[in-house]
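S.K.: Numbering (the working numbering), first residue to last: 15 to 136. Built from N, CA and C at the ideal position, the CB exists for glycine as well. None of these values were measured; they are calculated from a predicted model. Pasting a structure here, questions to come.
This is the structure:
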């Protein structure tokens with residue numbers, strides 16, 4: 015369905031992690047959107063494969079016929095609870111028959127502490 019893409023991400027504790035889109039294509043030139051009706055997306059952050067789940071990025075299909083998957087934002091009230099460190103993430107999908115495909119997107123996922131704490135201090 016799609017070639018694999020490397021996308022490294024950084025999340026700052028106590029800062030809202032903005033939502034983003036993953037666009038699925040049916041051709042290697044990335045010009046024809048894939049129809050992902052009936053597919054199920056997955057995106058998780060872990061330190062190692064099969065290690066404890068750090069973050070479920072909760073992807074959802076936002077436009078099936080346009081091949082669009084949304085990774086929703088994570089509020090600052092939630093990100094402050096994450097543990098700083100170096101992790102990995104990837105994005106896979108199950109087809110309507112339940113077969114897993116991908117990973118289509120993968121990379122590092124760094125959780126950092128911000129310098130400015132604001133009031134009250136966190």
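In whole angstroms, give me the CA-to-CA distance for residue 54 and residue 64.
M.R.: Approximately 20 Å between the Cα atoms of the pair.
S.K.: Comparing alpha-carbon positions, which option in 41, 25, 26 lies nearest residue 18?
M.R.: If we check each option's Cα against that of residue 18, 41 comes out closest.
S.K.: Measure the CB-CB distance between residue 74 and residue 103 and report whether it falls below 7 Å.
M.R.: No. Outside cutoff.
S.K.: Excluding five sequence neighbours on each side, which residues of the same chain lie with their C-beta closer than 6 Å to the C-beta of residue 90?
M.R.: Contacts found: 28, 29, 30.
S.K.: Identify every residue that forms a DSSP beta bridge with residue 47.
M.R.: DSSP output for residue 47 lists 39 as bridge partner(s).
S.K.: Distance, Cα to Cα, residue 78 vs residue 51?
M.R.: Cα to Cα, the separation comes out at about 5 Å.
S.K.: Would residue 97 be called buried (16 or more neighbouring beta carbons within 10 Å of its own) or exposed?
M.R.: Classification of residue 97: exposed, given that the 10 Å Cβ count is below 16.
S.K.: So, under 8 Å CB-CB, residue 94 and residue 33 are touching, yes? Tell me the CB distance rounded to an integer number of Å.
M.R.: Between residue 33 and residue 94 the Cβ distance is about 18 Å, and since that is not below 8 Å, they are no contact.
S.K.: Distance check for residue 25 and residue 145, CA to CA, integer angstroms please.
M.R.: The requested residue 145 is not part of the displayed model; the chain covers only 15 to 136.
S.K.: For residue 87, collect the residues of the same chain with a Cβ closer than 7 Å to its Cβ; drop the 5 residues on either side in sequence, then sort them by chain order.
M.R.: Only 30, 31, 32, 33 meet the Cβ criterion.
S.K.: Check this for me: beta carbons of residue 106 and residue 56, under 7 Å apart or not?
M.R.: Yes; because the gap between Cβ atoms is below 7 Å, this pair is in contact.
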